[in-house]
Amino acid sequence: MTALQAGKFEGRGEFVAALRHALLQACTEEWPELFCLDASFVDWPWSDAEVLEALKRWARAGRRLHLLAEQFEEVRRRHPRFVQWRSTWGHCVQALAYGPEALAAVGPGGPAALFFTRQKLAVSKEGVLEPAAGSEPALSVRLHDKQLWRGAVSMNAVDTLRSAEYFDALAQRCCESFASTTLGL
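Numbers given in my numbering equal positions in the sequence shown, counted from 1, plus 1.
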């Protein structure tokens, strides 16, 4: 698999292709944590057979897929194969839901959708944040404008750090959601 290239994208098709490529690359490179943010995840390639197969190979102890959404109902309706995968590999998934008050508390300017892998960072002798020795390269996909489907793919550690800070700030104001099983009476 060729590595995802940094750069801007425009259009829904390019956004989905960038996400698909990023997910496949992150699973192939066995990143321990994957972070995903979207209001509903409707446009994500969760039903793609190759993505699901890659997630199956990736899922094991010590791995974590972090999902942050306003709601997961559309995922249940539109991505039943992913919901099935989630029920099998629930130990690897943390799904959190946020409300309007959480978005307001974090402030404006966040991405409409976001995927990233967390890179280990260290402070250099000059006091600058940089990738820790032996850590993997940074990877993030950010959708800035959902109306025009404009965004960017980045391999920059600073972009990944900003993504992680936004994700963490929002996640602190969320609650568990999207259970791996549904209890019935």
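Beta carbons: idealized from backbone N, C-alpha and C, even for Gly. Just so you know, these numbers come straight off a predicted model, no measurement behind them.
Legend entry - For Asp146, the first and last residue of its enclosing beta strand (DSSP E): Translated into positions along the sequence shown, residue 146 becomes position 145. In the DSSP assignment, Asp146 falls within the unbroken beta strand (DSSP E) covering Leu140 to Asp146.
Legend entry - Nearest neighbour of Arg119, chosen from Pro33, Pro109 and Cys28 [CA to CA]: By 1-based counting over the sequence shown, the position of residue 119 is 118. Measuring from the Cα of Arg119, the nearest candidate turns out to be Pro33.
Inset, instruction - Starting from the Cα of Glu74, find the closest Cα among Ala60, Trp90 and Asp39 and give me that residue. - result: Residue numbering aside, residue 74 sits at position 73 when the sequence shown is read from its first letter. Selected option, being the one with the closest Cα: Asp39.
Inset, instruction - To the nearest angstrom, report how far apart Ala158 and Ala165 are at their CA atoms. - result: Within the sequence shown, the letter at position 157 stands for residue 158. Within the sequence shown, the letter at position 164 stands for residue 165. Spanning the two alpha carbons is a distance of roughly 10 Å.
Legend entry - Straight-line gap, Trp150 to Leu97 (C-alpha atoms, nearest Å): Here the question's residue 150 lines up with position 149 in the sequence shown. Here the question's residue 97 lines up with position 96 in the sequence shown. Whole-angstrom Cα-Cα distance: 24 Å.
Legend entry - Nonlocal neighbours in the same chain, by C-beta distance under 8 Å from Gly8, ignoring five residues either side: The count along the sequence shown starts at 1 and reaches residue 8 at position 7. Excluding residues within five positions, the ones whose Cβ falls inside 8 Å are Ala153 and Val154.
Inset, instruction - Using 10 angstroms around the beta-carbon of Cys28, count the other beta-carbons present and answer buried if the total reaches 16, otherwise exposed. - result: Taking the first residue of the sequence shown as position 1, residue 28 is located at position 27. The residue is buried, with at least 16 neighbouring Cβ atoms inside 10 Å.
Inset, instruction - From the DSSP output, in three-state form, read off Gly91 for me. - result: Numbered from its first residue, the sequence shown carries residue 91 at position 90. Assignment of Gly91 by DSSP, reduced to helix, strand and coil, places it in the helix class.
Inset, instruction - Determine contact between the stretch 84 to 92 and the stretch 107 to 117, defined as no fewer than three beta-carbon pairs at a distance below 8 Å. - result: Verdict: no, contact absent.
Legend entry - Residues of its chain near Val94, where Cβ-Cβ distance is below 6 Å and the 5 sequence neighbours each way are ignored: Position 93 of the sequence shown, counted from the first residue, corresponds to residue 94. Leaving aside the five residues that flank Val94 on each side, the residues in its chain whose CB is nearer than 6 Å to its CB run, in chain order, Leu66 and Arg87.
Inset, instruction - Decide if Cys37 is buried, meaning its Cβ has at least 16 other Cβ atoms within 10 Å, or exposed. - result: Indexing the sequence shown from 1 puts residue 37 at position 36. Buried is the call here.
Inset, instruction - Compute the Euclidean distance between the alpha carbons of Thr3 and Ala23, then round it to the nearest angstrom. - result: Your numbering for residue 3 matches position 2 in the sequence shown. Your numbering for residue 23 matches position 22 in the sequence shown. Rounded to whole angstroms, the separation of the alpha carbons of Ala23 and Thr3 is 11 Å.
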